[in-house]
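Residues in the sequence shown are numbered consecutively from 1, following the UniProt record's numbering.
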Amino acid sequence: MVVRKMQEKRSWAWVFAEPIVRAALVSTTKHEWIDGQNIPATGGCIIVLNHVSHVDPLTAAHLVYDHGRLPHYLAKSGLFKNKALGAFFRAAGQIPVERMSKNAAGAFDAAVQAVHDGKCVVVYPEGTITRDPDGWPMTGKSGAARIALETGCPVIPVGQWGAQQLLAPYAKKPDLFPRKLIRMKVGEPIDLSDIAAKEPRTLAVIQEATDRIMAVITGLVEEVRGEVAPAERFDMKKAGVRQMGNPNKTPQEGAE
(Lines of atoms letter the chains of each structure in order from A and count residues from 1; the text may use other names and numbers.)
(Lines give C-alpha, C1' and ligand atoms only; values in the text may rest on other atoms or scores of the structure.)
Protein backbone atom coordinates (compact mmCIF):
# COMPACT_ATOMS: atom_id res chain seq x y z
CA MET A 1 0.00 0.00 0.00
CA VAL A 2 1.69 3.17 -1.19
CA VAL A 3 1.25 5.88 1.46
CA ARG A 4 3.38 8.56 -0.20
CA LYS A 5 4.30 8.87 -3.85
CA MET A 6 7.97 8.23 -4.57
CA GLN A 7 9.73 11.52 -5.28
CA GLU A 8 13.28 10.20 -5.62
CA LYS A 9 14.77 9.08 -8.92
CA ARG A 10 15.01 5.29 -9.08
CA SER A 11 17.98 3.50 -10.60
CA TRP A 12 17.59 0.49 -12.89
CA ALA A 13 18.13 -1.76 -9.87
CA TRP A 14 15.07 -0.36 -8.10
CA VAL A 15 12.96 -0.44 -11.25
CA PHE A 16 13.87 -4.11 -11.72
CA ALA A 17 13.65 -5.33 -8.12
CA GLU A 18 10.72 -3.41 -6.64
CA PRO A 19 7.83 -5.21 -8.39
CA ILE A 20 9.42 -8.62 -7.78
CA VAL A 21 10.04 -8.04 -4.08
CA ARG A 22 6.64 -6.41 -3.61
CA ALA A 23 4.85 -9.38 -5.18
CA ALA A 24 6.78 -11.80 -2.97
CA LEU A 25 6.01 -9.85 0.20
CA VAL A 26 2.34 -9.31 -0.61
CA SER A 27 1.89 -13.05 -1.20
CA THR A 28 3.64 -14.13 2.01
CA THR A 29 3.04 -11.32 4.54
CA LYS A 30 0.43 -8.99 5.94
CA HIS A 31 1.63 -5.74 7.38
CA GLU A 32 0.55 -3.37 10.11
CA TRP A 33 2.40 -0.08 9.89
CA ILE A 34 1.93 2.34 12.77
CA ASP A 35 2.85 6.05 12.59
CA GLY A 36 4.71 5.73 9.30
CA GLN A 37 4.21 9.45 8.78
CA ASN A 38 7.17 9.93 11.14
CA ILE A 39 9.46 8.96 8.25
CA PRO A 40 10.55 12.31 6.75
CA ALA A 41 9.18 12.90 3.25
CA THR A 42 12.42 14.56 2.16
CA GLY A 43 15.94 15.26 3.39
CA GLY A 44 18.76 13.22 4.86
CA CYS A 45 17.85 10.96 7.78
CA ILE A 46 18.74 7.64 9.34
CA ILE A 47 16.26 4.95 10.26
CA VAL A 48 17.30 2.68 13.13
CA LEU A 49 15.56 -0.59 13.92
CA ASN A 50 15.93 -3.94 15.62
CA HIS A 51 17.11 -6.98 13.64
CA VAL A 52 15.25 -10.29 13.96
CA SER A 53 15.65 -12.06 10.61
CA HIS A 54 17.65 -12.09 7.40
CA VAL A 55 14.42 -11.16 5.61
CA ASP A 56 13.63 -8.06 7.63
CA PRO A 57 15.70 -5.75 5.39
CA LEU A 58 13.05 -6.52 2.75
CA THR A 59 10.07 -5.97 5.05
CA ALA A 60 11.65 -2.75 6.34
CA ALA A 61 12.37 -1.61 2.78
CA HIS A 62 8.68 -2.20 2.02
CA LEU A 63 7.76 0.21 4.82
CA VAL A 64 10.28 2.88 3.81
CA TYR A 65 9.60 2.61 0.07
CA ASP A 66 5.84 2.89 0.45
CA HIS A 67 6.37 6.07 2.48
CA GLY A 68 8.11 7.64 -0.50
CA ARG A 69 11.78 7.03 0.31
CA LEU A 70 14.51 4.84 -1.17
CA PRO A 71 16.24 2.96 1.66
CA HIS A 72 20.04 2.86 1.60
CA TYR A 73 21.35 0.06 3.81
CA LEU A 74 24.70 -0.48 5.43
CA ALA A 75 25.20 -4.01 4.08
CA LYS A 76 27.93 -6.54 4.82
CA SER A 77 30.71 -6.38 2.24
CA GLY A 78 30.44 -10.07 1.37
CA LEU A 79 27.24 -9.33 -0.54
CA PHE A 80 29.25 -7.17 -2.94
CA LYS A 81 31.91 -9.78 -3.79
CA ASN A 82 29.87 -11.43 -6.51
CA LYS A 83 30.32 -9.27 -9.60
CA ALA A 84 26.68 -9.24 -10.70
CA LEU A 85 25.22 -8.95 -7.21
CA GLY A 86 27.72 -6.27 -6.28
CA ALA A 87 26.78 -4.23 -9.35
CA PHE A 88 23.12 -4.55 -8.43
CA PHE A 89 23.61 -3.43 -4.81
CA ARG A 90 25.79 -0.51 -5.85
CA ALA A 91 23.22 0.58 -8.43
CA ALA A 92 20.59 0.45 -5.69
CA GLY A 93 22.75 2.76 -3.57
CA GLN A 94 23.58 0.26 -0.84
CA ILE A 95 26.70 0.84 1.27
CA PRO A 96 29.23 -2.01 1.86
CA VAL A 97 30.51 -2.51 5.41
CA GLU A 98 33.52 -4.62 6.38
CA ARG A 99 32.39 -5.55 9.84
CA MET A 100 34.92 -5.95 12.67
CA SER A 101 37.50 -4.28 10.43
CA LYS A 102 39.45 -1.03 10.35
CA ASN A 103 38.00 -0.56 6.86
CA ALA A 104 34.56 0.00 8.43
CA ALA A 105 35.54 3.69 8.60
CA GLY A 106 34.94 3.89 4.87
CA ALA A 107 31.33 2.83 5.37
CA PHE A 108 30.91 5.53 8.03
CA ASP A 109 32.16 8.19 5.64
CA ALA A 110 29.89 6.89 2.87
CA ALA A 111 26.87 6.88 5.18
CA VAL A 112 27.59 10.42 6.36
CA GLN A 113 27.90 11.57 2.75
CA ALA A 114 24.63 9.83 1.85
CA VAL A 115 22.84 11.70 4.63
CA HIS A 116 24.39 14.99 3.51
CA ASP A 117 23.14 14.16 0.00
CA GLY A 118 19.59 13.96 1.35
CA LYS A 119 19.27 10.18 1.38
CA CYS A 120 17.48 7.88 3.82
CA VAL A 121 20.06 5.55 5.40
CA VAL A 122 18.86 2.45 7.26
CA VAL A 123 21.02 1.14 10.10
CA TYR A 124 20.68 -1.86 12.41
CA PRO A 125 22.44 -0.61 15.56
CA GLU A 126 22.84 -4.16 16.89
CA GLY A 127 25.04 -4.95 13.89
CA THR A 128 23.63 -8.45 13.47
CA ILE A 129 20.50 -10.50 14.11
CA THR A 130 19.70 -10.45 17.81
CA ARG A 131 21.15 -13.25 19.91
CA ASP A 132 18.68 -12.60 22.73
CA PRO A 133 16.91 -15.93 23.40
CA ASP A 134 13.51 -14.25 23.18
CA GLY A 135 14.31 -11.98 20.25
CA TRP A 136 14.58 -8.70 22.15
CA PRO A 137 16.95 -5.93 21.02
CA MET A 138 20.52 -6.33 22.26
CA THR A 139 23.07 -3.73 23.24
CA GLY A 140 23.94 -1.53 20.28
CA LYS A 141 27.10 -0.75 18.39
CA SER A 142 28.19 2.84 17.87
CA GLY A 143 27.72 3.29 14.12
CA ALA A 144 24.21 4.78 14.11
CA ALA A 145 25.03 7.15 16.96
CA ARG A 146 28.22 8.31 15.29
CA ILE A 147 26.43 9.04 12.01
CA ALA A 148 23.68 10.90 13.87
CA LEU A 149 26.09 13.00 15.94
CA GLU A 150 28.24 13.78 12.91
CA THR A 151 25.37 14.88 10.67
CA GLY A 152 22.75 16.17 13.10
CA CYS A 153 20.12 14.51 10.91
CA PRO A 154 16.75 13.17 12.12
CA VAL A 155 17.08 9.74 13.75
CA ILE A 156 13.88 7.78 13.13
CA PRO A 157 13.38 4.70 15.36
CA VAL A 158 11.41 1.65 14.28
CA GLY A 159 10.35 -1.33 16.35
CA GLN A 160 9.43 -4.42 14.35
CA TRP A 161 8.18 -7.94 14.99
CA GLY A 162 7.02 -10.81 12.80
CA ALA A 163 9.71 -11.21 10.14
CA GLN A 164 11.29 -13.99 12.21
CA GLN A 165 8.13 -16.04 11.65
CA LEU A 166 8.65 -15.80 7.90
CA LEU A 167 12.32 -16.74 8.16
CA ALA A 168 13.68 -17.78 11.54
CA PRO A 169 17.21 -16.59 12.37
CA TYR A 170 19.74 -18.60 10.34
CA ALA A 171 17.03 -20.92 8.99
CA LYS A 172 17.66 -22.29 5.51
CA LYS A 173 14.03 -22.30 4.40
CA PRO A 174 11.25 -19.74 4.90
CA ASP A 175 7.83 -20.60 6.31
CA LEU A 176 5.75 -19.03 3.57
CA PHE A 177 2.19 -19.97 4.47
CA PRO A 178 -0.05 -18.88 6.01
CA ARG A 179 0.89 -15.25 5.46
CA LYS A 180 2.80 -13.77 8.38
CA LEU A 181 1.84 -10.51 10.11
CA ILE A 182 4.67 -7.97 10.14
CA ARG A 183 4.10 -5.23 12.72
CA MET A 184 6.25 -2.11 12.55
CA LYS A 185 5.90 1.06 14.60
CA VAL A 186 7.76 4.22 13.62
CA GLY A 187 8.63 6.53 16.49
CA GLU A 188 9.16 10.26 16.53
CA PRO A 189 12.72 11.48 15.86
CA ILE A 190 15.08 10.73 18.74
CA ASP A 191 16.36 13.93 20.34
CA LEU A 192 20.14 13.69 20.66
CA SER A 193 20.76 17.45 20.77
CA ASP A 194 21.89 17.47 24.40
CA ILE A 195 24.40 14.70 23.71
CA ALA A 196 25.59 16.30 20.46
CA ALA A 197 26.42 19.48 22.39
CA LYS A 198 28.90 17.66 24.62
CA GLU A 199 32.58 18.23 23.88
CA PRO A 200 34.87 16.48 23.42
CA ARG A 201 32.98 13.67 21.72
CA THR A 202 34.41 10.84 23.77
CA LEU A 203 33.56 7.15 23.62
CA ALA A 204 31.36 7.70 26.68
CA VAL A 205 29.39 10.39 24.83
CA ILE A 206 28.91 8.12 21.81
CA GLN A 207 27.86 5.27 24.11
CA GLU A 208 25.27 7.52 25.75
CA ALA A 209 23.76 8.25 22.34
CA THR A 210 23.85 4.56 21.42
CA ASP A 211 22.09 3.59 24.65
CA ARG A 212 19.38 6.19 24.08
CA ILE A 213 18.77 4.92 20.56
CA MET A 214 18.50 1.32 21.75
CA ALA A 215 16.19 2.30 24.62
CA VAL A 216 13.76 3.97 22.22
CA ILE A 217 13.85 1.05 19.78
CA THR A 218 13.24 -1.39 22.63
CA GLY A 219 10.25 0.63 23.79
CA LEU A 220 8.73 0.45 20.32
CA VAL A 221 9.34 -3.30 20.15
CA GLU A 222 7.53 -3.64 23.48
CA GLU A 223 4.55 -1.89 21.93
CA VAL A 224 4.36 -4.04 18.80
CA ARG A 225 4.88 -7.22 20.82
CA GLY A 226 2.58 -6.24 23.69
CA GLU A 227 5.19 -7.47 26.16
CA VAL A 228 7.80 -6.04 28.50
CA ALA A 229 11.47 -6.37 27.57
CA PRO A 230 14.08 -7.64 30.05
CA ALA A 231 15.47 -4.96 32.35
CA GLU A 232 18.96 -5.55 30.94
CA ARG A 233 19.65 -5.86 27.23
CA PHE A 234 21.50 -8.93 25.99
CA ASP A 235 25.24 -8.31 25.55
CA MET A 236 27.07 -10.64 23.15
CA LYS A 237 30.46 -10.02 24.76
CA LYS A 238 29.23 -10.73 28.27
CA ALA A 239 27.37 -13.81 27.09
CA GLY A 240 30.42 -15.08 25.19
CA VAL A 241 28.56 -15.66 21.93
CA ARG A 242 30.08 -15.04 18.52
CA GLN A 243 29.35 -11.63 17.07
CA MET A 244 29.47 -12.65 13.40
CA GLY A 245 27.87 -15.58 11.66
CA ASN A 246 25.51 -18.22 12.95
CA PRO A 247 26.00 -18.42 16.73
CA ASN A 248 24.92 -22.06 16.64
CA LYS A 249 27.82 -23.08 14.37
CA THR A 250 31.39 -23.76 15.27
CA PRO A 251 34.00 -21.33 13.83
CA GLN A 252 35.01 -24.03 11.34
CA GLU A 253 31.49 -24.15 9.92
CA GLY A 254 31.75 -20.62 8.58
CA ALA A 255 30.28 -17.20 9.04
CA GLU A 256 27.02 -15.77 7.74
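Even for Gly, the Cβ is constructed at its ideal location relative to N, Cα and C.
Burial state of residue i, where buried means 16 or more other Cβ atoms lie within 10 Å
i           : result
residue 128 : buried
residue 230 : exposed
residue 169 : buried
residue 214 : buried
residue 41  : exposed
residue 181 : exposed
residue 1   : exposed
residue 116 : exposed
residue 177 : exposed
residue 152 : exposed
residue 64  : buried
residue 43  : exposed
residue 164 : buried
residue 125 : buried
residue 5   : exposed
residue 94  : buried
residue 82  : exposed
residue 172 : exposed
residue 50  : buried
residue 237 : exposed
residue 9   : exposed
residue 105 : exposed
residue 111 : buried
residue 141 : buried
residue 85  : exposed
residue 30  : exposed
Beta-bridge pairing of residue i - partner residues as DSSP gives them
i           : result
residue 225 : According to DSSP, which records beta bridges pairwise, residue 225 is partnered with nothing at all.
residue 120 : 45 and 71
residue 96  : 75
residue 161 : 183
residue 128 : Answer is none; residue 128 lacks a bridge partner.
residue 31  : 182
residue 138 : 234
residue 155 : 46
CB-CB length for residue i against residue j, believed under 8 Å
i           : j           : result
residue 239 : residue 90  : Not a contact, Cβ separation roughly 35 Å.
residue 67  : residue 34  : About 12 Å; that fails the 8 Å criterion.
residue 220 : residue 187 : 5 Å
residue 209 : residue 145 : 4 Å
residue 192 : residue 155 : 6 Å
residue 261 : residue 56  : Here the chain covers residues 1 to 256 and nothing more, so residue 261 does not appear.
residue 13  : residue 92  : 4 Å
residue 74  : residue 97  : 5 Å
residue 167 : residue 54  : 6 Å
residue 159 : residue 185 : 5 Å
residue 52  : residue 135 : 6 Å
Beta-carbon proximity check, residue i vs residue j, cutoff 8 Å
i           : j           : result
residue 218 : residue 137 : yes
residue 157 : residue 48  : yes
residue 147 : residue 122 : no
residue 272 : residue 183 : Residue 272 falls outside the range modelled here, since the chain spans only 1 to 256, and no answer is possible.
residue 58  : residue 21  : yes
residue 195 : residue 205 : yes
residue 72  : residue 114 : yes
Residue i: CB within 7 Å of a non-hydrogen atom of the ligand SAH
i           : result
residue 209 : Among the components of this structure there are no ligands whatsoever, and the ligand SAH is therefore not found.
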